[in-house]
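Whatever position you read off the sequence shown (first residue = 1), add 7 for this note's numbering. Idealized CB from N, CA, C, for every residue including glycine. None of the values given here were measured: they were computed from a predicted structure.
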Amino acid sequence: MTNPELNVKVLTDHIHQLADAQSRAADQFTGANRAIAGVSDRVRETHGIICALASTALATADETRASLGSSLFQKSTELSGKLTTAASNYGDTDYLAGRAIGSECRW
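Written out as C-alpha cells, the structure reads:
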C-alpha cells in the first residue's frame with residue numbers, strides 16, 4: 008500500500024539533478040561534434056582522389072551529425088531550462104502553500 012502523503016510529493020532536488028544532467032548532455036553533444044568535425048576533409052587531404060567516394064560520404068555524414076548534434080544541444084538546453092523553472096515553481100508553491108496553511112491553522 009502506498010503512502011497517500013507521498014503521492015503528490017515533488018522532490019525539487021531530483022528535478023534540479025535532471026536539469027543538470029540535461030545541461031551536461033548538451034555539453035557532450037557539442038564536444039562530440041567538435042571532436043569528429045572535419046574528418047572528410049582530412050581523408051581527402053591525406054588519401055586524395057582514390058578515396059573521393061569515401062570522403063564524399065563522410066562529408067554527408069559530417070553535415071548530418073552536425074545538424075543532429077546542434078538540434079540535440081538545443082533540445083537538451085531547452086529541457087534543462089524548463090526543468091530548472093519547474094523546480095523553482097514547485098519550491099515556490101510549497102513555500103506559499105505552507106504559509107497559507109500556517110496562517111489558517113493557528114493554535
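Nearest neighbour of residue 20 by Cα position, chosen from 44, 95, 29 and 102, turns out to be 95. With contacts defined as CB atoms closer than 8 Å, residue 29 and residue 77 fail to qualify as a contacting pair. The alpha helix (DSSP H) runs of length 4 or more contained entirely in the stretch 21–87 are, from start to end of the chain, 46–54. Taking a C-beta distance under 8 Å as the contact criterion, residue 62 and residue 72 do not qualify as a contact pair.
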